[in-house]
Amino acid sequence: MKFFTIREVPTTRWSSEYPLNIKPRIETLFMVFVGNIIFGFGVAVIIAAGAGLDPWTILAEGLGLIFDVSIGFATFIVSVSVLLLWIPLRQMPGFGTIINTIVVASMIDIALPWLPKPGENLLWLQLFQLLIGIFICGIGSGVYLTGNLGPGPRDGLMTGLQRITGKPIALVRASIEVFVVILGWLLGGTVGIGTIVFAFLIGPAVSIGLSIVKIVSKQK
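Take the sequence shown: its letters are residues 11 to 230, numbered as in our numbering.
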């Protein structure tokens, strides 16, 4: 159960001393890149599963319908809006914030064509692939967040709220995702069974990922 009660991002040997480090070590950059590659692959697995989009994409879809813009531009609006929420949380962007934006998107485009896409008549297989994708996302988050080069917009919101509230990361992340699902649905976004599963399991998955990285880093 300790995997689900971690309350802070652990410090590892590759962790940067501070998020705004303009001369990070090669090892730090490498781990941040690897973490984002893993995370992007996990997102691609979830999309390919076809069981439902993640909460933030649902929100972007809803905004796109309201403002009559593409889902890509709506996603940009969501990202900028989330970054603005960093201001009262005193979250600072860094290299990791930029890397997250570029690498995750690139990895999705690279991996998606090669991933299996179960049909709608194979719901059990869709859900199984969805669970695998969520777990992969959790591991990726655990790796790149410990680099401490600045999280992606959404993870920065999570870590900022966790720091202020003192609540477990799993609870904070799950609460954010559930709120985004509800908001996206109210705006007209499409909610599927996979969306609900993602909303409730991504928090525990990130917590497990951070715990695993913490254990592995201490063994080296």
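Virtual Cβ for every residue (Gly too), placed ideally from N, Cα, C.
Pairwise C-alpha distance: residue j and residue i
{"i": "Gly202", "j": "Gly62", "result": "5 Å"}
{"i": "Ala209", "j": "Val191", "result": "7 Å"}
{"i": "Pro129", "j": "Ala58", "result": "According to the sequence displayed, residue 129 carries Gly and not Pro. Going by the C-alpha atoms only, they are around 10 Å apart."}
{"i": "Ile108", "j": "Gly162", "result": "7 Å"}
{"i": "Val188", "j": "Phe105", "result": "28 Å"}
{"i": "Ser80", "j": "Ala54", "result": "20 Å"}
{"i": "Ala184", "j": "Leu132", "result": "27 Å"}
{"i": "Arg35", "j": "Gly45", "result": "16 Å"}
{"i": "Arg173", "j": "Val207", "result": "25 Å"}
{"i": "Ile179", "j": "Gln101", "result": "16 Å"}
{"i": "Pro103", "j": "Trp96", "result": "9 Å"}
{"i": "Asp64", "j": "Leu197", "result": "15 Å"}
{"i": "Glu71", "j": "Thr205", "result": "13 Å"}
{"i": "Met11", "j": "Val114", "result": "Reliability of the predicted coordinates at Met11 is poor, the pLDDT of 49 falling under 50, and the value obtained from them is presented with this limitation in mind. Distance between the alpha carbons of Met11 and Val114: 30 Å."}
{"i": "Leu93", "j": "Ile87", "result": "10 Å"}
{"i": "Trp24", "j": "Ile76", "result": "43 Å"}
{"i": "Thr85", "j": "Gly52", "result": "18 Å"}
{"i": "Ile212", "j": "Ile146", "result": "10 Å"}
{"i": "Leu159", "j": "Met117", "result": "20 Å"}
{"i": "Ile56", "j": "Leu73", "result": "21 Å"}
{"i": "Thr200", "j": "Gln136", "result": "17 Å"}
{"i": "Phe43", "j": "Ala121", "result": "16 Å"}
{"i": "Glu18", "j": "Lys127", "result": "36 Å"}
{"i": "Gly148", "j": "Ser221", "result": "10 Å"}
{"i": "Lys33", "j": "Ile47", "result": "21 Å"}
{"i": "Tyr154", "j": "Asp119", "result": "20 Å"}
Burial state of residue i (16 or more Cβ within 10 Å)
{"i": "Asn110", "result": "buried"}
{"i": "Leu30", "result": "exposed"}
{"i": "Thr67", "result": "buried"}
{"i": "Asp78", "result": "exposed"}
{"i": "Lys90", "result": "For the record, residue 90 in the displayed sequence is Val; it is not Lys. Under this definition Val90 is an exposed residue."}
{"i": "Asp165", "result": "buried"}
{"i": "Ser151", "result": "buried"}
{"i": "Tyr28", "result": "exposed"}
{"i": "Ile225", "result": "exposed"}
{"i": "Thr156", "result": "buried"}
{"i": "Pro123", "result": "exposed"}
{"i": "Phe83", "result": "exposed"}
{"i": "Gly176", "result": "exposed"}
{"i": "Ser217", "result": "buried"}
{"i": "Thr21", "result": "exposed"}
{"i": "Ile144", "result": "buried"}
{"i": "Ile16", "result": "buried"}
{"i": "Phe49", "result": "buried"}
{"i": "Ile186", "result": "buried"}
{"i": "Pro214", "result": "buried"}
Extent of the continuous alpha helix (DSSP H) to which residue i belongs
{"i": "Glu37", "result": "Ile36 to Ala59"}
{"i": "Leu30", "result": "First-last for Leu30: undefined, no H or E at that position."}
{"i": "Leu196", "result": "Ile179 to Leu196"}
{"i": "Glu18", "result": "Unbroken run through Glu18: none, as it is neither H nor E."}
{"i": "Val226", "result": "Ile203 to Lys228"}
{"i": "Thr67", "result": "Pro65 to Phe77"}
- Query: If you scan the stretch 81-168 from start to end, which runs of the alpha helix (DSSP H) of 4 or more residues do you find wholly inside it?
  - Reply: You should have 81-99, 105-121 and 133-155.
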